[in-house]
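Structure first, then comments.
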Ligand SMILES: [Zn+2]
């Protein structure tokens with residue numbers, strides 16, 4: 344798996360327990376796709392959610 348952004352819907356359905364572990368405590372959000380992730384390298388354009396809420400880019 345590269346990033347959550349690349350996942351297809353079929354893959355998500357088949358691996359739901361595995362992928363939920365990557366998003367159960369999200370700190371990052373993808374500013375392009377809006378997927379959220381626990382780890383920075385799981386989305387293609389990561390930004391810290393706390394930074395995003397502060398208006399940082
Ligand atoms: Zn993305």
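In our numbering, the protein residues as written are 344 to 400.
Glycine included, each C-beta is placed from N, C-alpha and C at the ideal position.
Owing to the predicted nature of the structure, the values given are computational and were not obtained by experimental measurement.
In DSSP terms, what residue i is bridged to
i	result
residue 373	389
residue 379	372
Own chain partners of residue i with C-beta closer than 6 Å, once the 5 adjacent residues on each side are dropped
i	result
residue 378	347, 348, 386
Coarse secondary structure for residue i, derived from DSSP in three states
i	result
residue 394	helix
residue 362	helix
residue 350	coil
residue 367	coil
Proximal residues to residue i (C-beta, below 7 Å), its chain only, five neighbours per side dropped
i	result
residue 370	381, 391, 392
Test item: CB-CB of residue i and residue j under 7 Å
i	j	result
residue 364	residue 375	no
residue 355	residue 366	no
8 Å CB neighbourhood of residue i in its chain, flanking five on each side removed
i	result
residue 395	372, 374
Residue i Cβ short of 6 Å to ligand 1 heavy atom set
i	result
residue 388	yes
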